[in-house]
Every structure is written in structure tokens, then in C-alpha cells.
Amino acid sequence: MAPRKRNGSSGTRTKLKLFNTISMRKERFESLTPAQVKMFVCGPTIQDYIHVGHVRTYVFYDVLARYLRYLGFDVRFLLNITDIDESIVKGAKRRRRTVESFLELNERAFLRDVEALGISTINSFERVSGYLPVMIQQASGLIRRGHAYRADGGVYFDVEKFPDFGKLSRQSRDELALRPLEISPKKRNQVDFSLWRPTTSTEQRWESPWGLGTPGWHIQDTAVSVANFGPQYDIHGGARELIYPHHEAEIAQVEALTGLKPFVRYWVHTGLLTIDGRKMSKSEGNVYYAHDLLRRHDVNSVRLYFAGLHHRKDAEFDEDSIESLGEKYWEWKGRVESVQRRMPREDTTTDGGKLTPFLRALDDDIDGPRAVKLLGSIVGEAAREHDPRLLARLYAAISSASQILGIGLVKDAN
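Counting in the numbering used here, the sequence shown runs from 4 upward without gaps.
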């Protein structure tokens, strides 16, 4: 798959536009460093297997990373694995396992699912527990700078000292006051969030300047991202439900600590995936695991389905659509194999503009529904084409589109 001419290798500007949550508009993508992209995506808390909601999110960022690489960028894609959480301790006890063996079991299952889904663009998976010294360093730095304080045996971020708190979620101070976090009478403000807190758990607690305890959720992610990318980077991704308080708190922590703005240039979020109109949860009994989905459906139909959902819109999970896309995929596959048999002996690496409409769809905030539809049109045109020269161009277009979407229409394309 040859990179297109208008790519990141010659500069930082492209025709790609991404919807940026912090500005609430589509912005032309421009990386901080020429030809390089640093992208951090919130990974799972490994207290259980990943479900189809996770699949939707991770397939989208995989396609985004594939496209950025097609554009010529050197993409460093980091996904964190949250292995510090009360739910992990509780899950280990339910399974009658040690916390470490429970984590290893779930991490192996997660990585197995990621591989089975064809998600191949992630450069590194980072357990947050490996960054405890960085978390303590960040919390200490925020105290020194007057943005955090000790109370109730822990450390809290002082939201009043950070005027921009609420800018990502577009909430006023009055609106934030209606959504208190971690209620405690010892806090200065009920919106203040913990950087470090005491714990009664004997399984997950660590020494700190403030005594035995455990890190807050938000500082776990900033420790990982800043340690790997520095105080500013290009893209932060995750599900929309993480905007507040999680991503809001990440911005506050890093910008207050470093004084540099913006912490992240593009905030790119995915919509919710519901089942029968409800968010997936164990309490609702409607969790559909990724490994169960892959037992029932070919990975290509699964990827086509999720790539064909617009990433910003909420969607109702529809297994019948996956079944239909599976039939369509194998129909396309048969047509592409027929094209391969009719291909001229001399190979070509250029699509001669046949891929342009598909690329324009991706340039428009990764418009997956339009891109998948256009791929079908290219396959149909190739099936009808008899001119060897045009056939070779169409085949090159199909090959590139398949690799960007991560599907196997062409051998080795995914």
C-alpha cells in the first residue's frame, strides 16, 4: 500500500479533518512534530473481558491509526491497561484468585481479543501500575505549585485553582457544583478529585509521602501519557462517557503541573453502543463479550460493521447487520478474487485516482459509513471492468482501502 502524495512526510498539514471535542468542530489535522503523531487511547480496566462496546472504540482508533500511517505519518499509538482499581480486587476475590493471577488472566484474554480483532496498530500496551513513581511525582508537583492539597489522609486537586476546569465538558462552575466527585467533608470543594487516597485494601496499596494508599483514577493515565509522550501530544481518544470527569481531570492535572497548553491538541471521542436501548452492564445482564462475538462471526464482518458506524454517533448494537455484512464481505471477496485472476501480469502500485472518493470520506472526520459504501462501489466497478489498465488501478484502490479498514479482501491487506 503506497502512501498518498499529500502526506505527513512532507509537513504537518493534511486534508484530514477531525472533530475536536474541546472546540466542538471539525479541525484540519496538524501534528505537533512534522511527520509524527502521538496518540493515547484509554484502555480497559482489566477486571473482566472486553465487550462489544470496547470493540467499537478500539476498531475505530485502529482505523484512524492505519489511515494516519497511510498518509505518511510515523504514528506512535499507546493504549494503557488499568490494573489498579477496587473492582479488580473484588473480581479476584469472587474468582478466588490472587490479584496478580487475576490480572494476568484478564490481560492475556484482552491481548488475545485485540489480536483476533485485527487491531495491529498499537505500539505499546502500558500497565498503569508500572508508573506509580510518576504518579507520586505528579501529585507532589501539584502540591508544590498550589494546585493540590492534603486532606482526609489523601491528596486532592483544587479545582478552584484551575479556572479552565470544565472547558472540555463545556460545564460552568454552577453546573459542576451539581455533580460532586468523591464526596468527603474534608475536601475544600466537592468537585475536587483525588490524586492519592488512603485505602483499606491490603492487595493494592503502596507507600507514598502521604502514607499507604492508592492513586486516583485520573492521575494513572496522565502518568502513563506524560512519561511516554511528554507534556503535550497530538490525539487523546476514548469513549464519550470519559469526557467528564476523567478527561477533564487529565487536562487540569497536566496543564496545572506544567503550565503548558494545550495538553492534548485533538480530543477524539466515540459514541456509546447500546443493547435494547440500554448501556451494557453486568447489572443489566446485557454484556456481550468480544470473544463470544468472534465465535459467531468472521472478523472481517465484525470490522466492517464497526467501521461502518459513524464513530461519534451513539448506535444500537445490531447483530443481524453483522450477519448481512458477512454475506456482503464474502460476495466482495469473490469479486476481488475474480479481478485477481483477470489482472495483467505487470503489477501496479498506483490507483490512478480510483481511491480518491474513499479518501475524501476518511478526510471528513473518518466518515466510516461513507467509506465502507464507497469501497463496495469500487469492488463493483472492478467486477464490471475489462480494460486491464483500469482493472489494475481498481485493484490497487481495493488493496489500499482494505488495508486502511483492516479487512482481508486482498491477501495480506489486513
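Glycine is no exception: its CB is placed at the ideal position from the N, C-alpha and C atoms.
Hey, residue i and residue j: beta-carbon distance below 7 angstroms or not?
i: D366; j: R396; result: no
i: G216; j: P201; result: yes
i: V55; j: F232; result: no
i: Q207; j: I84; result: no
i: A400; j: L358; result: yes
i: D77; j: Q39; result: yes
i: I238; j: Y269; result: yes
i: V158; j: W220; result: no
i: P423; j: H313; result: Shown here, the chain extends from 4 to 417; a query on residue 423 therefore has no answer.
i: T124; j: A68; result: yes
i: L82; j: V131; result: no
i: Q256; j: T225; result: yes
Following the continuous beta strand (DSSP E) through residue i, name the residue where it begins and the one where it ends.
i: Y269; result: V267 to T273
i: N303; result: No beta strand (DSSP E) holds N303; the alpha helix (DSSP H) holding it covers V302 to A310.
i: F320; result: It is not in any beta strand (DSSP E) - F320 carries neither H nor E in the DSSP assignment.
i: A242; result: Y236 to A242
i: F32; result: R28 to E33
i: E129; result: S127 to R130
So what does DSSP say about residue i, is it helix, strand or coil?
i: W220; result: helix
i: G379; result: helix
i: V78; result: strand
i: D282; result: In the sequence as displayed, the identity of residue 282 is Lys instead of Asp. If DSSP states are grouped into helix, strand and coil, K282 belongs with the strands.
i: W213; result: coil
i: G156; result: coil
i: S13; result: For S13, the pLDDT reaches just 42, beneath the cut-off of 50, and the residue's location in the model is therefore unreliable, although a value from the coordinates is still provided. In the structure shown, S13 sits in a helix (DSSP, three-state: H, G or I).
i: N192; result: coil
i: D367; result: strand
Against chain C, with Cβ distances strictly below 7 angstroms, would residue i count as a contact?
i: T202; result: As a matter of chain content, chain C is missing from the structure shown, which is built from one protein chain.
If you count every other CB in all the chains shown that lies within 10 Å of the CB of residue i, and 16 or more means buried, which is it?
i: R72; result: buried
i: D390; result: exposed
i: P347; result: exposed
i: R387; result: exposed
i: K41; result: buried
i: I407; result: buried
i: R111; result: exposed
i: P188; result: exposed
i: L263; result: exposed
i: L145; result: buried
i: E178; result: exposed
Alpha helix (DSSP H) containing residue i: first to last residue?
i: S90; result: E89 to R97
i: S204; result: Unbroken run through S204: none, as it is neither H nor E.
i: F113; result: V102 to A119
i: Q141; result: L135 to R147
i: H57; result: V55 to Y73
i: Q406; result: P391 to L408
i: V257; result: E251 to T261
Do the segment 21-28 and the segment 166-179 make contact, defined as three or more Cβ pairs closer than 8 angstroms? yes
Pairs of beta-carbons, one from the segment 297-316 and one from the segment 324-333, closer than 8 angstroms: are there three or more? yes
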